[in-house]
Amino acid sequence: MGNGHRKKPFSGKQKKKQLQAKRAKNSSKREEDSDNEAFEALDIHVDESKHVKNEGGSLNKEQISNNKDDNITLPSMRKLFGPSKRLNSVFEKLSPREIKAQRKASMNAFTRLPSTALEVSIKDIYTTIIDFPKRPPWHYGMTKEELETNEEHSFQRWLDDVYDKYPREELSFFEHNLDVWRQLWRVLEISDIILIVVDIRHPLLHFTPSLYNYVVKDMKRKMILVFNKIDLVAEHTVYAWTKYFEEQFPEISIVGFSCYSKDNRIIDDTSTASLQKRMKRPKKRRYQALGIKELLIACKLIKQGVEVNWIELIEQYNRNEAVFDNLSDNTEGKVEKIVDNESQETSSDVEPLDIGEESIKQIENQIRVVDIQSTETSPHKNLITIGLVGHPNVGKSSLINSILGRTVVSISRTPGHTKHFQTIHLSKNVRLCDSPGLVFPSLLPKQLQILSGLFPISQVQEPYSTIQYIAERIPLESILKLDPPENLKNNEWSAWYLCEAFAIKRRYYTKAPRPDVYRAANAILRLINDGRILLSFKPPGFFTSLKYLILQRDDADLPIN
Ligand SMILES: Nc1nc2c(ncn2[C@@H]2O[C@H](COP(=O)(O)OP(=O)(O)OP(=O)(O)O)[C@@H](O)[C@H]2O)c(=O)[nH]1
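Under the numbering used here, the first residue of the sequence shown carries the number 2, and numbering increases by one thereafter.
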């Protein structure tokens with residue numbers, strides 16, 4: 002006080018918020034740290050204090066059906082998570098019986114499958130196409146309450162319908178939070194071009210036919226499929242997937258993309274074990290995007306009513322002008338967040354990367370994002386909006402950052418990081434719109450969802466069946482250089498043994514002390530998600546025509562350089 006500074010009074014409520022923010026920050030740090038520990042069963046040092054926790058955000062079926070029975074609508078369900086979690090993804094939980102059975106099954110020896118087990122087709126993956134919730138019709142004469150109630154009822158009907166039609170145990174994890182779906186509706190409404198971003202390691206798992214049908218056939222909007230993370234696979238994998246998708250979905254344009262430069266050592270990505278040396282994660286990575294030009298060209302080729310100087314944008318990129326931010330108009334590179342319930346889009350500075358005290362208020366504003374009364378409900382006449390949609394963790398935010406050449410939207414290895422959509426101007430009349438990653442309903446095995454990174458590993462209740470799925474397809478024991486446990490007979494590994502051996506190697510122990518098998522399983526899943534252990538699916542016929550593809554590569558018009 003003597004120095005003229007007065008401490009601001011700090012209420013209990015503020016303190017609580019501060020603690021919540023701190024906890025959120027620590028938990029994401031714990032996850033990052035746990036990742037860093039992981040690789041080198043090989044040589045990494047281990048910090049025993051860092052354990053991955055199974056965190057909230059999940060909703061079990063009992064809770065859902067209770068709500069249904071009691072005729073409680075979704076807003077009441079939201080109360081389960083509290084207002085601050087309004088935009089948190091909500092997934093169903095496994096029952097203890099399911100967890101126990103899967104855990105037991107993981108103790109049985111598995112059989113290694115031939116490499117063709119990595120080939121998947123649209124028919125294998127989507128035996129049934131489940132519709133996703135659509136925004137019910139609305140008009141400006143409706144009050145906000147009417148609109149919201151309508152949406153809640155329609156969403157509840159959709160949810161009931163899904164659970165009536167499909168056996169619960171066959172349903173994949175999918176988004177149960179209406180507010181997250183609302184974000185998608187808004188992005189679809191305001192976008193002229195929809196970029197579906199998929200991870201090239203498992204593009205079919207991330208490509209949602211119901212969304213494709215809706216955007217291309219019902220909304221008659223243009224769609225570009227972006228194969229992201231092409232730095233993680235060989236060229237022939239990108240080529241093969243491009244050909245496959247071109248045949249299956251002729252209406253969409255396809256672009257290969259990567260936020261980081263390619264590792265030229267990946268000539269063949271089918272032999273995972275030989276690739277491991279390059280798989281150590283660099284401490285810090287710089288955006289060095291591949292595919293920006295191709296993406297801009299794809300947008301340019303889509304005929305629009307709006308006059309856009311695509312040539313200038315492309316030339317600018319060609320001139321390597323550290324991207325778009327040196328244009329004179331102050332709309333360039335501007336980040337907009339939809340912050341107000343009164344539908345104002347306001348610009349703000351670069352997205353803060355950490356959830357610090359400072360950002361709490363901002364985050365709270367963002368939580369009130371769902372601006373259903375917005376005047377901006379269809380594409381602008383004088384503006385092209387390119388909306389990015391896709392599953393969590395496929396790299397939507399990174400793609401935007403690498404186009405801009407700097408961090409404008411925050412990214413994380415934890416799926417479901419982006420919570421609200423935001424727009425970023427590339428030029429006066431071109432803007433990108435990032436949206437939260439959203440898991441669509443399907444009958445995909447949950448193991449596939451987990452290994453493809455669309456479900457937060459910290460929330461995986463039963464990781465062993467996923468480890469088994471992986472180990473059946475790639476030689477995890479040799480990749481991780483595991484010592485066989487004493488009681489292993491005839492080299493008959495089980496998923497459980499693999500995790501146990503990895504826990505011992507990494508010195509992961511529980512307090513008991515026993516090898517911390519759960520933690521080891523989580524660590525392996527993170528290595529897979531990060532691409533430090535390579536597991537990449539291929540289109541049908543890939544392995545038989547691999548030789549042909551490699552031979553053809555020199556002459557072919559490959560989608561990447
Ligand atoms: N190797 C590689 N990793 C990438 C690439 N793009 C993104 N990643 C990584 O993928 C993870 C997820 O990236 P994000 O940009 O946060 O993904 P998102 O789709 O916005 O995720 P949500 O916020 O969950 O919707 C991060 O760890 C990124 O570093 C890429 O081109 N190559």
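Note that CB positions come from ideal geometry on N, CA and C, so glycine has one too.
Taken from the Cβ of Leu233, at least one heavy atom of ligand 1 lies inside 8 Å. In the three-state reduction of the DSSP assignment, Ala110 falls in the strand class. Here the alpha carbon of Ile312 sits roughly 16 Å from the alpha carbon of Ile404. Taking 8 Å as the cut-off, one finds no heavy atom of ligand 1 near enough to the beta carbon of Tyr498. When the five nearest sequence neighbours on each side are left out, the beta carbons in the same chain lying within less than 7 Å of the beta carbon of Glu478 are those of Trp494, Leu499, in order along the chain. The residues Pro516, in chain order, have a CB closer than 6 Å to that of Ile505 in the same chain once the five nearest residues on each side in sequence are set aside. With three or more CB-CB distances shorter than 8 Å, the region 109 to 121 counts as touching the region 532 to 539. With 16 or more other CB atoms across the displayed protein chains lying within 10 angstroms of its CB, Asn394 is buried. In the three-state DSSP reduction, Ser254 falls in the strand class (E or B). For Cys434, the secondary structure class from DSSP, reduced to helix, strand or coil, is strand. Pro97 carries a helical assignment under DSSP once its states are collapsed to helix, strand and coil. Residue state for Val395 is assigned as coil, using DSSP reduced to three classes. Judged by DSSP in its simplified three-state form, Asn229 adopts strand.
When DSSP reads this structure, Lys223 sits in a beta bridge with Ile194. Runs of beta strand (DSSP E) with 3 or more residues, each lying fully within the region 522 to 553, are absent. Val431 and Val234 do not touch by the CB rule: their CB atoms are close to 29 Å apart, not below 8 Å. Annotated as distal: Gly391 and Leu452, with beta-carbon spacing of 9 Å or more. In summary, Thr467 is buried, with 16 or more beta-carbon neighbours lying within 10 Å of its beta-carbon over all protein chains present. Taking one beta carbon from each stretch, the region 522 to 536 and the region 136 to 154 have fewer than 3 pairs nearer than 8 Å; the two do not touch. For Glu501, the three-state secondary structure derived from DSSP is helix. It is roughly 44 Å from the alpha-carbon of Trp159 to the alpha-carbon of Tyr509. Partner residues in the beta bridge of Tyr510, as assigned by DSSP, are Pro516. Between Val227 and Gly257, the C-beta spacing is below 9 Å. Counting every other CB atom within 10 Å of its CB across the protein chains shown gives Ser262 a total below 16, marking it as exposed.
Between Asn229 and Ile201, the C-beta spacing is below 9 Å. For Glu93, the closest C-alpha among the options His154, Gln462, Asn214 is that of Gln462.
With a threshold of 8 Å, the Cβ atom of Lys397 counts as near ligand 1, since some heavy atom of the ligand is closer than that. DSSP lists no bridge partner for Phe456. Per DSSP, Val461 lies in no alpha helix (DSSP H) segment and is marked neither H nor E. In its chain, beyond the 5 residues on either side, Trp186 have a beta carbon closer than 6 Å to the beta carbon of Arg136.
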